[in-house]
Each structure stands twice: as C-alpha cells, then as structure tokens.
Amino acid sequence: MNVQQRPGYQVYQKNKYETASPHRLILMLYDGALTNLNRARQALDSGQKQQAHQYIQKAQDIVFELLACLNEEQGGEIAQNLKRLYLYVIEQLVRANIRKKSDMLTESEDILRQLRGAWEQIGKEVGYGAV
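This is the structure:
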C-alpha cells in the first residue's frame, strides 16, 4: 500500500482542502495546474502520449475551475481580464494536447506561474498568510 492509499494520508489531504482559506484554495488550484503541466511535459518527452493527454486534461479542468471561481460582478475589469487569460490558456492546452508537443505547454505554464505569483503576493499584502 503506497502512502496515498493509507487512510491517514487521505484524511490529511481532505482536511487540507476543507480547512484552507479561499485564497489558499486558489493557490492550490494554480499549483495543481502547474504540477499537471509539468507531468504532461515529462510524459510527452518520454513518448507517453496517453498519460500526457490525461495530465493536460487535468490541467484544463483546473483552469476551468479557476474560471468558475471568478466573480465578474465584483471583480470588474480584473475578473474580465482573468477570464480572457484562462480561456486563452485552455485554448493553448487543447492545441498542445492535439499536437502532442511539450514545447506548446510553455506559454500556458508561464501565464499560470505569473498569475500564481501575483495571487500569492496579494495574499501576503492583505495578510492571508498565503505561503
């Protein structure tokens, strides 16, 4: 039985998400998307196209979740700009998945990494304890 299948680990993981602040949850989504893109890149580089497909789809799902978290009424222009960026990232991921080229993931990774960094900085500035 590996660590992820142990009951204690599963309870820890569940509690980590259930007790996180909304700000921390967004950071976790960014981290999940970036982790899956990294795994997709590794899979593509080693010729494992089916695994890469799954990782890219997971990253897409996470970006769709980020999109769903936007509040365009309260967020105004910032939320609209984020929406456009998320839709662009999703479009790029679809293209990368179709063509199965790891270098096509770079732009999406860069965008998500920059957004994650900005979100983390916002948390530090307003005292959410993002790190």
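In the numbering used here, the protein residues as written are 1047 to 1177.
Idealized CB from N, CA, C, for every residue including glycine.
On a predicted model such as this, the values are computed, not experimentally measured, just so you know.
Q) If you follow the alpha helix (DSSP H) that Ser-1067 is part of, which residue opens it and which one closes it? A) Careful: Ser-1067 lies outside any alpha helix (DSSP H) and carries neither H nor E.
Q.
Suppose the cutoff is 6 Å on Cβ atoms and the five residues either side in sequence are ignored; what does the same chain contact list for Ala-1142 look like?
A. Met-1150 and Leu-1151
Q.
By the three-class DSSP mapping on this structure, what secondary structure does Val-1172 have?
A. helix
Q) Going by C-alpha distance, which of His-1069, Gln-1100 and Ser-1092 is nearest Thr-1081? A) Gln-1100
Q. Nearest-angstrom Cα distance between Leu-1075 and Val-1135?
A. 14 Å
Q.
At the level of alpha carbons, what is the spacing between Glu-1166 and Leu-1073?
A. 7 Å
**Q.** Helix, strand or coil at Asn-1117 according to DSSP, with G and I counted as helix
**A.** coil
Q | Gly-1093 (DSSP reduced to helix, strand or coil) | A | coil
Q: Give the straight-line distance between the Cα atoms of Gly-1163 and Gln-1096, rounded to the nearest whole angstrom.
A: 30 Å
Q: Return the chain-ordered list of same chain residues with a C-beta closer than 7 Å to the C-beta of Leu-1116, the five sequence neighbours on each side being excluded.
A: Ala-1125, Leu-1128 and Lys-1129
**Q.** Spatially closest choice to Asp-1156 from His-1069, Asn-1084, Glu-1119 and Gln-1051, by CA coordinates
**A.** Asn-1084
Q) How about Arg-1087 and Ser-1148: do their beta carbons lie closer than 8 Å? A) yes
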